[in-house]
Amino acid sequence: MLKEKMNLKLVIFDLDGTVVENYYDWPSIRKELGVEAGSILAYLDGLPEPQRSEKYALLEEHERRQTEKAVLKPGIAPFLKWLKATGLATALVTNNNLTNTQLLLDRFHLSFDLILTRESGLHKPTAAPFLKVMDDLGVRPEETAVIGDTHYDLLAAREAGVKLVFILKSSTTPGDLEGAALVESFEQIREKLIKLSEKDPSP
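Structure follows, in structure tokens:
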């Protein structure tokens, strides 16, 4: 129904804070790594060795700890099942590494049609990872929806030309999310998608 009536073919998910719940103290992590502004990964990638490897090791230790503590986001499993039952493709795009990502997917028995991690060299908030996923799956931006929890997800989606963006609200959700649909749960996203599919597309 969604594929035919909405022309929707793909839903791209963020991982941390979206598929799983965890807590990163990003201000403290940024201070520890010496990142004053902008993307942490872009900053680290621009460092010379051995500083680059040393600071990546610090970041990966924080990620490892949060991976151990992570719990499944309420409602994600039935929502994924529902999407797949409708025939939609699903993708996971994360700035986390492949090891942590696979550990979480295995722990919670989740699967996606395509997974893109930071080892690809393509990082949010640029559009590059979303464009790569859409190209690999043969899907256009207007046939894609993005679900995330931060402005990085929105920025990447907008730059990639994706207009249907859902941001899961939390206590740390920033205010600069104009253009995104702020939602409380995956059930609310499901309801919104159904309502959009029921709209008469004729002029």
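Add 303 to a position in the sequence shown, counting from 1, and you land on the number used in the numbering used here. The beta carbon of each residue, even a glycine, is placed where N, CA and C say it ideally should be. Here the structure is a predicted model, which means the values were calculated and not measured.
Three-state secondary structure (DSSP) of residue 393: Correct three-state label for residue 393: strand.
Start-end ranges of the alpha helix (DSSP H) lying completely within the stretch 405 to 486, minimum 4 residues: 431 to 440, 454 to 463
Range of the contiguous alpha helix (DSSP H) that encloses residue 383: 379 to 388
Under 8 angstroms between C-beta atoms of residue 451 and residue 321: yes
First and last residue of the uninterrupted alpha helix (DSSP H) at residue 496: 489 to 501
Among 391, 411, 430, nearest to residue 417 - alpha-carbon criterion: 391
Buried or exposed by the 16-neighbour rule on C-beta atoms within 10 Å, applied to residue 454: buried
Same chain only: Cβ atoms within 7 angstroms of residue 385, ignoring 5 sequence neighbours per side: 493
Sufficient close CB pairs (3 or more, under 8 angstroms) joining the stretch 402 to 409 to the stretch 430 to 439: No contact exists between the stretch 402 to 409 and the stretch 430 to 439.
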